[in-house]
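Structure first, then comments.
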Amino acid sequence: MRLRFAPSPTGFLHIGNLRTAICNYLIAKKYNAQFVLRIEDTDLDRSSKESEESIIYDLKWAGIEWNEGPDIGGECGPYRQSERFEIYKEYTDKLLQKGYAYYCYCNQEELDEMRKKGISENKSFVYSGKCKELSEKEIVKFKNEGRKPSVRFSVPEEQTITIDDLVKGRVRFDSDNIGGDFIIVRPDGIPVYNYIVVIDDALMKITHVIRGEDHLSNTPKQMLIARALNLPEPLYAHHGLMLGQDRGKLSKRHGITSVEMYRKEGYLPQALMNYLAMLGWAAESGEEIMPLSDIVEQIDIENLAKTPAVFDFQKLKWMNGNYIRDYPINELTELLIPYIQQTGYNLDGKDTSWLENVAGLLRGNCEVLSDIGNLIGIFMEDVVEPDEDTDKLLREDYSKKIIEASYKLIQFSIDEKNYSDNLVNDIKNETSLKGKKLFLPIRAILTGRIKGPELDKAIPVIGFDKCRMRIEYMFNKYI
Ligand code: GLU
């Protein structure tokens, strides 16, 4: 079994394409298949080396590995379509010779005319086949005019093309309804996707093509070409697409769509892999957070999403938070450091154990790694300005009692060495408050927030000096 992922390097890696890559990768893992990365860069105007590099970077970051590809080579290379033009040319010659394809000299104006006619008759554009039977004389005339021909594939009439799609089931197309004779090589000599994908899949010995259902309508064209060239046909599996909450095509207006942005916001690749892999199907146990090995065991081509699945940003966030909570603390700390620095905090002088301690205390409140930027202030600032909810709480009478008691303690009676063990208890004894009325104001005074890390663990990390400054600050502000 051989699978492939074939991105076009015309921009960043879209989250929807990452999902296709993940499906291929997991199925390859399941069946111990070879997995090929092929770069489809024949759109020379829109393709770029930077895009290819960023796609490869993001795929690797996501944890996807391939056995053959442009970066590592392999026995069916080259793996960039732009390096395979010679190969395609041979096949084009074959198609022309055998009459499966012909030169088309129609220029833009003539094609526009046909398009207009189609529109006026309420039909979609179908090439008229005008150049199929050109006489020698006409050809010479066009050549003398300097016209550059495209090559069109001659679509056979009245044929039913049946796809036994591994996900969608049997799908039938009528050759008369696939848009007529289509271009396989443009006038500038560049062959088009629908054509060369067939040659590459065959020469790269791809047995299963797993891709989004937006390519289903291309499949009959690809099958006709394979048959004309007598090339082996892969099995097809078209999975449902990913939609936004409004069931429209997932785009920027729904949220972030580039894998790079997910990476930068601090999603963990494991969470993204888990979420995307399971979009559209559910584990028998109902579990949603599953290690890769379990997903590989349960996923299969037949249970890839048959219908479009809505991409739920909130759920992905929730899942990411879960992964953050379970991540090995030393690795998580390494991942968090750049986000802390990005927020502008200098970590000089903070040793690993301090950082790990802080990461351990705050990870429960992080859904994405970048959340750390809003939280770390508790341990870095001298005083923390209360947010709106905290401000409201601190204006309550019982809070004021606590502010006064803690101020008194910190000024007069607390033993600096044992403050972290005694502070809460001393305030409790002094005010006789308990439960939420005790703990929430103390948290609010010491952290400026009403939610956050476990207080008894946070207090020693905040340190005596900062606790004192914050109590004084709140005293001056609220009393
Ligand atoms: N280059 C195509 C794309 O990115 C690949 C489609 C296919 O998998 O055949 O959509």
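Numbering-wise (our numbering), the sequence shown opens with residue 479 and increments by one. Just so it is clear, CB atoms sit at the ideal spot from N, CA and C, and this is done for glycine as well.
Spatially closest choice to residue i from the options, by CA coordinates
| i | options | result |
| --- | --- | --- |
| residue 746 | 613, 868, 814, 829 | 814 |
| residue 672 | 599, 559, 652 | 559 |
| residue 778 | 801, 488, 502, 942 | 502 |
| residue 862 | 874, 939, 949, 897 | 949 |
| residue 714 | 942, 479, 611 | 479 |
| residue 649 | 606, 680, 784, 741 | 784 |
| residue 868 | 851, 917, 912, 908 | 917 |
| residue 588 | 578, 603, 832, 577 | 603 |
| residue 498 | 633, 716, 638 | 716 |
| residue 792 | 766, 703, 845, 884 | 845 |
| residue 634 | 577, 617, 524 | 577 |
| residue 675 | 826, 786, 519 | 519 |
| residue 681 | 516, 511, 505 | 516 |
| residue 738 | 488, 723, 590, 493 | 493 |
| residue 639 | 616, 594, 702 | 702 |
| residue 790 | 770, 642, 724 | 724 |
| residue 544 | 769, 562, 484, 719 | 484 |
| residue 959 | 870, 825, 831, 722 | No statement about residue 959 is possible, as the shown extent of the chain runs from 479 to 957 and does not include it. |
| residue 797 | 810, 805, 767, 771 | 767 |
| residue 771 | 495, 510, 690 | 510 |
| residue 647 | 670, 590, 718 | 718 |
| residue 809 | 795, 794, 830 | 830 |
| residue 794 | 804, 740, 562, 786 | 740 |
| residue 495 | 928, 721, 870 | 721 |
| residue 965 | 690, 677, 670, 612 | No answer is possible for residue 965: it lies beyond the span of the chain, which begins at 479 and ends at 957. |
Cutoff 6 Å; reference residue i; Cβ partners in own chain excluding five residues on either side
| i | result |
| --- | --- |
| residue 508 | 774 |
| residue 848 | 743, 744, 817 |
| residue 776 | 761 |
| residue 546 | 514, 552 |
| residue 748 | 801 |
| residue 506 | 481, 513 |
| residue 904 | 887 |
| residue 885 | 949, 953 |
| residue 883 | 905, 908, 909 |
| residue 947 | 860, 861 |
Cutoff 8 Å; reference residue i; Cβ partners in own chain excluding five residues on either side
| i | result |
| --- | --- |
| residue 854 | 818, 821, 823, 836, 840 |
| residue 500 | 540, 542, 751, 754, 755 |
| residue 881 | 872, 919, 923, 949, 952, 953, 956, 957 |
| residue 874 | 919 |
| residue 617 | 581, 583 |
| residue 892 | 900, 901, 904 |
| residue 896 | none |
Whole-angstrom C-beta distance between residue j and residue i, which should lie under 8 Å
| i | j | result |
| --- | --- | --- |
| residue 533 | residue 481 | The pair is not a contact, with the Cβ atoms about 17 Å apart (cut-off 8 Å). |
| residue 842 | residue 931 | 7 Å |
| residue 728 | residue 758 | Residue 728 to residue 758, Cβ: 13 Å. No contact. |
| residue 554 | residue 683 | 7 Å |
| residue 658 | residue 605 | 4 Å |
| residue 898 | residue 937 | 5 Å |
| residue 901 | residue 876 | Contact flag wrong, Cβ pair sits at about 17 Å. |
| residue 488 | residue 521 | 6 Å |
| residue 645 | residue 812 | At roughly 39 Å, the Cβ-Cβ gap does not stay under 8 Å, so residue 645 and residue 812 are not in contact. |
| residue 942 | residue 908 | Contact doesn't hold; Cβ gap of about 18 Å is too wide. |
| residue 615 | residue 632 | About 21 Å separates the two Cβ atoms, so there is no contact after all. |
Contacting residues, own chain, Cβ-Cβ under 7 Å from residue i (five flanking each side not counted)
| i | result |
| --- | --- |
| residue 944 | 860 |
| residue 959 | The chain is shown only over 479 to 957; residue 959 falls outside these bounds and no answer can be derived. |
| residue 864 | 872, 922, 926 |
| residue 608 | 584 |
| residue 712 | 679, 684, 685, 686, 687 |
| residue 807 | 834, 837, 838 |
| residue 915 | 876 |
| residue 769 | none |
| residue 504 | 755, 773, 774, 777 |
| residue 586 | none |
| residue 928 | 867, 868, 871, 918, 921, 922 |
Heavy atom of the ligand ATP within 7 Å of residue i beta-carbon
| i | result |
| --- | --- |
| residue 693 | Summarising the ligand content, the structure contains the ligand GLU and does not contain the ligand ATP. |
C-beta neighbour in chain B for residue i, strict 8 Å
| i | result |
| --- | --- |
| residue 905 | The chain inventory of the structure shown lacks chain B, comprising one protein chain alone. |
Touching or not, the region 660 to 671 and the region 727 to 740, by the rule of three or more beta carbon pairs under 8 Å? No contact exists between the region 660 to 671 and the region 727 to 740.
May I have all residues whose beta carbon comes closer than 7 Å to any heavy atom of the ligand GLU, sorted in chain order? Proximity annotation: the ligand GLU has residues 484, 485, 486, 495, 518, 671, 675, 687, 689, 693 in chain order, each selected because its CB is closer than 7 Å to a heavy atom of the ligand.
I want to know whether the region 526 to 541 touches the region 561 to 569 - three or more CB-CB distances under 8 Å. By the criterion of at least three beta-carbon pairs nearer than 8 Å, the region 526 to 541 is not in contact with the region 561 to 569.
Taking 8 Å as the cut-off, does the region 679 to 695 touch the region 617 to 624 (at least 3 CB pairs, one atom from each stretch)? No, because fewer than three Cβ pairs between the region 617 to 624 and the region 679 to 695 fall closer than 8 Å, the two stretches do not touch.
Using 8 Å as the cut-off, can you tell me whether the region 570 to 586 makes contact with the region 702 to 717, which would need three or more C-beta pairs spanning the two stretches below that distance? With a cut-off of 8 Å, the region 702 to 717 and the region 570 to 586 count as touching, because enough Cβ pairs lie within range.
At least 3 beta-carbon pairs within less than 8 Å: the region 590 to 602 vs the region 646 to 653: Output reads no: the region 646 to 653 does not touch the region 590 to 602.
Just checking, does the region 762 to 771 make contact with the region 627 to 634 on the three C-beta pairs under 8 Å criterion? Too few Cβ pairs lie closer than 8 Å, so no.
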